[in-house]
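Step one of this worksheet: look at the structure below.
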Amino acid sequence: MDVLNNKGVKPVLLTLVLVWAAGLLAGQWLVYGQSTGIQRVFTERDAELAGRITRAYPGLTGAEIASLFTAAAGAEDAEAGRAILADAGYTAGTPMRLFPAVWSSYRLHALGAGLTWAIAGVLAMLAVLRFLQRLYRTIDRYQEEVHRIMNGGRSTRIDDTQEGSLSRLAGAINTMIASLQTHLYKEQQSRLFLKDTMTHISHQLKTPLSALFMYNEIMQGELVDNPTVIRFLDKSGQELERMQRLIANLLKMARLDARIIELQMRAVRLNELICRAAGSLETRLERERKRLDLESAGQVTYTCDPEWLLEAVSNLLTNAIDHSAPGGVITARLAETPLLVEIEVADRGEGVHPDDANFLFKPFYRSRFSQDKQGIGIGLSLAKTIIEMHGGFISLDSKPGQGAKFTIHLPKLTNL
Numbered sequence: 004m005d006v007l008n009n010k011g012v013k014p015v016l017l018t019l020v021l022v023w024a025a026g027l028l029a030g031q032w033l034v035y036g037q038s039t040g041i042q043r044v045f046t047e048r049d050a051e052l053a054g055r056i057t058r059a060y061p062g063l064t065g066a067e068i069a070s071l072f073t074a075a076a077g078a079e080d081a082e083a084g085r086a087i088l089a090d091a092g093y094t095a096g097t098p099m100r101l102f103p104a105v106w107s108s109y110r111l112h113a114l115g116a117g118l119t120w121a122i123a124g125v126l127a128m129l130a131v132l133r134f135l136q137r138l139y140r141t142i143d144r145y146q147e148e149v150h151r152i153m154n155g156g157r158s159t160r161i162d163d164t165q166e167g168s169l170s171r172l173a174g175a176i177n178t179m180i181a182s183l184q185t186h187l188y189k190e191q192q193s194r195l196f197l198k199d200t201m202t203h204i205s206h207q208l209k210t211p212l213s214a215l216f217m218y219n220e221i222m223q224g225e226l227v228d229n230p231t232v233i234r235f236l237d238k239s240g241q242e243l244e245r246m247q248r249l250i251a252n253l254l255k256m257a258r259l260d261a262r263i264i265e266l267q268m269r270a271v272r273l274n275e276l277i278c279r280a281a282g283s284l285e286t287r288l289e290r291e292r293k294r295l296d297l298e299s300a301g302q303v304t305y306t307c308d309p310e311w312l313l314e315a316v317s318n319l320l321t322n323a324i325d326h327s328a329p330g331g332v333i334t335a336r337l338a339e340t341p342l343l344v345e346i347e348v349a350d351r352g353e354g355v356h357p358d359d360a361n362f363l364f365k366p367f368y369r370s371r372f373s374q375d376k377q378g379i380g381i382g383l384s385l386a387k388t389i390i391e392m393h394g395g396f397i398s399l400d401s402k403p404g405q406g407a408k409f410t411i412h413l414p415k416l417t418n419l
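Take 4 as the starting number for the sequence shown in the working numbering and just add one per residue.
Right under this line is the structure:
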């Protein structure tokens, strides 16, 4: 049996067998003692009866009196005797307490049996508890080691020199940990490679992009009377700005994916942070003839990384502007509850189709229901990642043709 190969099982079984054997011997001794006691009681009782018969019937010899106790009695004798004793209230149902010798023997042996089984039970329980204590101590040690390794501990193995199931479990955990750490290392290297690659590509793109910005500004500065040329220059400038935002977001997403970002948490007035995000978009709002309304019930202070949270809010505002028609209104609302801080960004655009809701935060997702053929870029995905790094989440409430409302939910951890 495999269970017998586990360290600690054999000593427990041996202890239980010894306790069982000791209990069996003690039980035999108690039965023998009880039988001896009963024999003594009957002998003393018969001696008393013989003495009474001698005094009552002096003419009987000793042999005749002894034969009354040793000779086999018939059924008629027993029936006659029971009838005589029944008239005196002496029957098999008479309480044991009325027989002092029998009652004393019963109490003595009942106490002995109780103590014997109590001691045996305690010993068996102690043996089992000792085994379980060692078992769970080992399991707790494994758990602590796993948690320590998961939290960044350097050790890559659980030291265990025992045999049996726990040793095999430790070996399996060690194999799993080694495999996970290998995969994590490869993944980290891949993320760093991707980050470095994106950084190099982005830097290479910035130079020609800056030149295109300059060329576009030079052409816009020239006296051009052709409305078509002016319109195309404006569109060219918008696309250049979009490309610039995309490159910047790609760099930020690469840094976040590489997990090399450490949030610099401090208390921030969210009202001012949202105003900063809105201020950075004023020029675009004026150019596209759109309006951004800010609403707040009061000053809200929250502990966060202001620069990254500003990035998330700016991306939601940018997304709302992208999907608002000229003359459209975007609303940014700040609210606070005992457990959450909520930042709501709502537009009155075309809304989100229900089939797109589960994919909206995927980078470069392109909806087959939307008229925007360029997709949504990575702004929403970047915002989602940033908010999740703060322990929060983003929810969406939208119906086709009725606009979309994105809400950032940030937990007030000090109140949880």
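The beta carbon of each residue, even a glycine, is placed where N, CA and C say it ideally should be.
Under 8 Å between C-beta atoms of residue i and residue j
i      : j      : result
Ile346 : Leu284 : no
Glu314 : Leu385 : yes
Ile381 : Leu253 : yes
Ala127 : Val20  : no
Ile152 : Ile180 : yes
Val348 : Ser401 : no
Thr304 : Ala270 : yes
Ala175 : Tyr145 : no
Leu197 : Asp260 : yes
Leu33  : Gly115 : yes
Arg276 : His393 : The question names Arg, but residue 276 is Leu in the sequence shown. The answer is no: Cβ separation not under 8 Å.
Leu383 : Asn322 : yes
Ala89  : Gly26  : no
Glu291 : Pro230 : no
Residue i, DSSP secondary structure in three states
i      : result
Thr334 : strand
Trp23  : helix
Thr340 : coil
Arg269 : strand
Phe362 : coil
Pro414 : strand
Asp228 : coil
Arg292 : coil
Asn177 : helix
Tyr218 : helix
His203 : helix
Leu16  : helix
Gly378 : In this predicted model, Gly378 has a pLDDT of only 45, less than 50, meaning its place in the structure is not dependable enough to derive any value.
Thr64  : coil
His393 : coil
Val316 : helix
Phe367 : coil
Gly92  : coil
Ala75  : coil
Asn154 : coil
Ile264 : coil
Identified DSSP bridge partners for residue i
i      : result
Lys408 : Ala349, Asp400
Glu298 : Arg336
Thr306 : Ala270
Among the options, nearest to residue i - alpha-carbon criterion
i      : options                        : result
Glu265 : Ile68, Gly84, Pro309, Gly26    : Pro309
Glu242 : Met256, Pro230, Ser213         : Ser213
Ala335 : Asn361, Arg279, Thr210         : Arg279
Arg194 : Leu16, Ala257, Pro211, Arg171  : Ala257
Arg245 : Asn318, Thr64, Ala78           : Asn318
Asp237 : Gln247, Met222, Arg248, Ile250 : Met222
Gln405 : Gly352, Phe364, Pro357, His412 : Gly352
Ala300 : Gly394, Asp199, Leu273         : Leu273
Val149 : Arg234, Gly330, Ala116, Asn177 : Asn177
Trp120 : Ala24, Asp90, Tyr218, Leu399   : Ala24
Cys307 : Arg292, Gln267, Arg110         : Gln267
Phe45  : Leu27, Tyr60, Thr73            : Thr73
Trp106 : Leu135, Ile41, Leu312, Ala83   : Ile41
Leu320 : Asp296, Asn229, Glu82, Pro211  : Asp296
Ala113 : Gly36, Phe134, Thr185, Leu399  : Gly36
Tyr139 : Arg43, Leu169, Asp358          : Leu169
Distance between beta carbons of residue j and residue i, contact taken as under 8 Å
i      : j      : result
Ile397 : Phe409 : 6 Å
Val332 : Arg287 : That belief does not hold up - the Cβ atoms of Val332 and Arg287 are roughly 15 Å apart, past 8 Å.
Lys415 : Val316 : Wrong, their Cβ atoms sit about 18 Å apart, outside the cutoff.
Ile68  : Ile56  : 5 Å
Asp350 : Ala281 : Rounded, the Cβ-Cβ distance is 14 Å, inconsistent with contact.
Lys387 : Phe364 : 5 Å
Asn219 : Ser205 : Incorrect: roughly 20 Å between the Cβ atoms, too far for contact.
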